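Novice: The following block contains the structure, expressed as structure tokens.
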Ligand code: IFM
């Protein structure tokens with residue numbers, strides 16, 4: 006066990022008022038995919054295509070949170086977390102992606118928010134966690150500018166219904182992942198393989214973010230407003246000009262082209278060798294940047310792992326989230342991290358890079374950086390269920406303790422909280438049910454929930470806080 010996996014030691018590090026929460030997303034936990042008027046999302050369509058999901062499963066049932074949310078809120082209450090980050094299913098609320106709200110769909114979130122508040126847990130709502138309604142996807146999804154306006158309309162609908170009770174609003178979750186996995190590499194919905202052509206989807210997502218912030222402010226929502234992206238510090242595999250240029254390009258693609266326009270109101274400078282590829286961003290209308298650059302109450306950062314870049318085309322198709330043959334067309338590759346232990350997904354466990362991410366944000370954005378929440382952090386492991394039903398996931402305990410402690414070690418950042426990904430094992434996108442990230446084990450046949458050792462550990466940490 007590492008130093009920070011002692012509950013007492015970790016509890017002593019947590020500043021007063023620091024939020025410890027858990028996070029989920031609608032597609033991954035709700036199920037009830039055809040109930041109460043819910044429409045289809047791009048992920049329903051993607052999962053229905055043969056070969057797209059590792060175990061051939063779909064978002065149809067997942068953990069059935071839609072029906073079991075009361076039990077799940079009790080699990081959170083017993084755990085002692087202060088906040089629950091969930092996402093509002095766009096096709097559940099607006100089945101076609103436009104027009105009036107589906108009252109039954111909206112009523113689910115109304116019940117969920119009230120249940121959380123009655124149990125002393127702050128509701129943190131993500132507006133877009135990847136579930137573009139299928140009709141909007143068929144019209145081009147985020148490659149189409151109109152999707153940004155439809156997203157603003159959706160935001161206005163939910164702001165009117167929940168704006169008096171939601172504590173924090175997150176416009177987009179991980180636009181990086183949507184762009185890279187969904188539009189560039191084709192391993193997530195909608196399955197496009199556009200490589201740098203996917204950058205058009207960046208601008209439209211960010212425009213959607215800006216318009217959504219405006220819609221939330223226009224509705225005078227009581228809660229705070231922010232955005233979440235996944236940050237991966239990018240480092241070169243070796244010295245040399247070419248490797249350093251590709252490292253910069255990947256840093257832009259993964260991190261800067263999102264955070265810079267949101268926090269600074271401009272797209273970053275692009276290395277000469279990639280000027281042409283980034284035109285979809287660098288030649289945009291400055292009026293759009295003014296919309297994207299909205300004052301925010303907080304910035305959400307998800308952190309899982311760093312990235313190492315080597316020059317030269319990849320020799321295999323592997324990416325952190327699955328194989329993408331199209332990767333081989335790139336002039337650089339994602340290099341290994343042999344010096345670190347790995348999660349079940351094979352991701353390097355490197356908490357010092359979370360600290361590095363925060364230091365980097367402070368340095369790059371200075372006063373433009375609002376208070377920060379780590380809105381996701383966690384790890385998948387091949388958990389083994391013991392004969393008595395218990396799951397001894399000590400690797401997850403170490404992961405969480407070390408990452409929270411690393412984040413808290415950084416000076417000069419106004420860090421307000423850490424949300425564990427995730428409350429319970431769920432449907433991990435293209436990996437289906439093969440990667441388990443939860444504090445609570447879910448038997449996907451019976452849907453029975455069984456707290457793992459990491460759940461009991463976090464409960465001890467939070468209890469020891471006093
Ligand atoms: O499960 C995902 C989540 O939806 C977004 N962030 C990364 C998690 C783990 O892959």
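Residue numbers (my numbering): 6 to 471. For glycine and all other residues, C-beta sits at the position ideal for the given N, C-alpha and C. The structure displayed is predicted, hence computed values, not measured ones.
Taking the alpha-carbon of residue 343 as reference, which of 190, 312, 157, 359 has the nearest alpha-carbon?
Specialist: It is 312 whose Cα lies nearest to the Cα of residue 343.
Novice: For the ligand IFM, I want to know if residue 201 counts as a neighbour, meaning its beta carbon is within less than 7 angstroms of at least one of the ligand's heavy atoms.
Specialist: Not under cutoff, so the answer is no.
Novice: Evaluate the contact criterion for the region 281-297 versus the region 334-352: three or more CB pairs, one atom per stretch, below 8 angstroms.
Specialist: Taking 8 angstroms as the limit for Cβ pairs, the verdict is that the region 334-352 does not touch the region 281-297.
Novice: Any chance you could list the alpha helix (DSSP H) runs of at least 4 consecutive residues sitting entirely within the region 132-158, in chain order?
Specialist: For the region 132-158, whole alpha helix (DSSP H) runs of length 4 or above, ordered along the chain, are 139-143.
Novice: Tell me, please, whether the region 190-200 touches the region 248-267 by the rule of three or more beta-carbon pairs shorter than 8 angstroms.
Specialist: The region 190-200 vs the region 248-267: no contact.
Novice: DSSP on residue 297, reduced to helix/strand/coil?
Specialist: In the structure shown, residue 297 sits in a helix (DSSP, three-state: H, G or I).
Novice: Checking the sheet assignment: what are the DSSP bridge partners for residue 179?
Specialist: In DSSP, residue 179 forms no bridge with anything.
Novice: Taking 8 angstroms as the threshold (C-beta atoms), are residue 130 and residue 91 in contact?
Specialist: Yes, Cβ-Cβ distance for residue 91 and residue 130 is below 8 angstroms.
Novice: Starting from residue 89, follow its DSSP beta bridges and name the residues at the other end.
Specialist: Beta-bridge pairing links residue 89 to 27, 128.
Novice: How many Å lie between residue 470 and residue 19 at the Cα?
Specialist: Cα-Cα distance, rounded: 8 angstroms.
Novice: Does DSSP put residue 78 in a helix, in a strand, or in coil?
Specialist: Looking at residue 78 - three-state DSSP - the assignment turns out to be helix.
Novice: Please name the residue in 218, 248, 109, 64 whose C-alpha comes closest to that of residue 339.
Specialist: If we check each option's Cα against that of residue 339, 248 comes out closest.
Novice: Given that a residue counts as buried once 16 or more other Cβ atoms are within 10 Å of its Cβ, and exposed if not, what is residue 390?
Specialist: Exposed.
Novice: Given a threshold of 16 other Cβ atoms within 10 Å of its Cβ, counted over all protein chains shown, does residue 441 qualify as buried or as exposed?
Specialist: Residue 441 comes out buried.
Novice: Is residue 123 close to chain C, meaning its C-beta is less than 8 angstroms from at least one C-beta of that chain?
Specialist: The structure shown contains no chain C; it is built from a single protein chain.
Novice: Please go through the same chain and pick out, in chain order, the residues whose beta-carbon is closer than 7 angstroms to the beta-carbon of residue 65, but skip the five residues on each side of it.
Specialist: Result list for residue 65: 36, 38, in chain order.
Novice: Would you grab the beta carbon distance between residue 74 and residue 93 for me? Rounded to a whole angstrom, and I think it's under 8 angstroms.
Specialist: At roughly 13 angstroms, the Cβ-Cβ gap does not stay under 8 angstroms, so residue 74 and residue 93 are not in contact.
Novice: So residue 316 is in the beta strand (DSSP E); what residue range does that whole segment cover?
Specialist: 312-316 is the span of the beta strand (DSSP E), which, as asked, contains residue 316.
Novice: When the Cα atoms are used, what is the spatial distance from residue 78 to residue 120?
Specialist: Whole-angstrom Cα-Cα distance: 7 angstroms.
Novice: Using only alpha-carbon positions, find the residue among 461, 108, 412, 380 that is nearest to residue 425.
Specialist: Closest by alpha carbon: 380.
Novice: Quick one: grab the DSSP three-state call for residue 421.
Specialist: Correct three-state label for residue 421: strand.
Novice: Grouping DSSP H, G and I as helix and E and B as strand, with all else coil, what is residue 368?
Specialist: Reduced to three states, the DSSP call for residue 368 is helix.
Novice: Is there contact here, the region 291-304 with the region 397-409, by at least three beta-carbon pairs under 8 angstroms?
Specialist: Verdict: no, contact absent.
Novice: Taking 8 angstroms as the cut-off, does the region 207-222 touch the region 352-372 (at least 3 CB pairs, one atom from each stretch)?
Specialist: No: fewer than three Cβ pairs fall under 8 angstroms.
Novice: Name the residue from 292, 52, 128, 170 whose alpha carbon lies nearest to the alpha carbon of residue 212.
Specialist: Checking every option, the nearest Cα to that of residue 212 belongs to 292.
Novice: If you measure from the CB of residue 139, is any heavy atom of the ligand NAP nearer than 7 angstroms?
Specialist: For the structure depicted, the ligand NAP is absent and the ligand set comprises only the ligand IFM.
Novice: Cβ-heavy atom distance between residue 33 and the ligand IFM below 7 angstroms?
Specialist: Result yes, Cβ under 7 angstroms from the ligand IFM.
Novice: So what's residue 338 in DSSP terms, helix, strand or just coil?
Specialist: The answer is strand: DSSP assigns residue 338 an E or B state.
Novice: Which residue from 435, 246, 167, 352 puts its Cα closest to that of residue 316?
Specialist: Looking at the Cα atoms, 246 is the closest of the given residues.
Novice: Using 8 angstroms as the Cβ pair cut-off and three pairs as the minimum, do the region 449-461 and the region 366-378 touch?
Specialist: Judged by Cβ distances under 8 angstroms, the region 449-461 makes no contact with the region 366-378, as fewer than three pairs qualify.
Novice: Does the Cβ-Cβ distance between residue 403 and residue 10 come in under 8 angstroms?
Specialist: Yes. Within cutoff.
Novice: How about residue 235: is its Cβ closer than 7 angstroms to a heavy atom in the ligand IFM?
Specialist: Yes.
Novice: Buried or exposed: which applies to residue 411, given that a residue is buried once 16 or more other Cβ atoms fall within 10 Å of its Cβ?
Specialist: Classification for residue 411: buried.
Novice: Suppose you measure from the CA of residue 354 to the CA of residue 401; what does that come to, to the nearest Å?
Specialist: Answer to the nearest angstrom: the Cα atoms are 10 angstroms apart.
Novice: Is it true that the CB of residue 155 sits closer than 8 angstroms to the CB of residue 141?
Specialist: Contact: yes.
Novice: Considering just the uninterrupted stretch of the alpha helix (DSSP H) at residue 259, what are its terminal residues?
Specialist: From DSSP, residue 259 is part of no alpha helix (DSSP H); its letter is neither H nor E.
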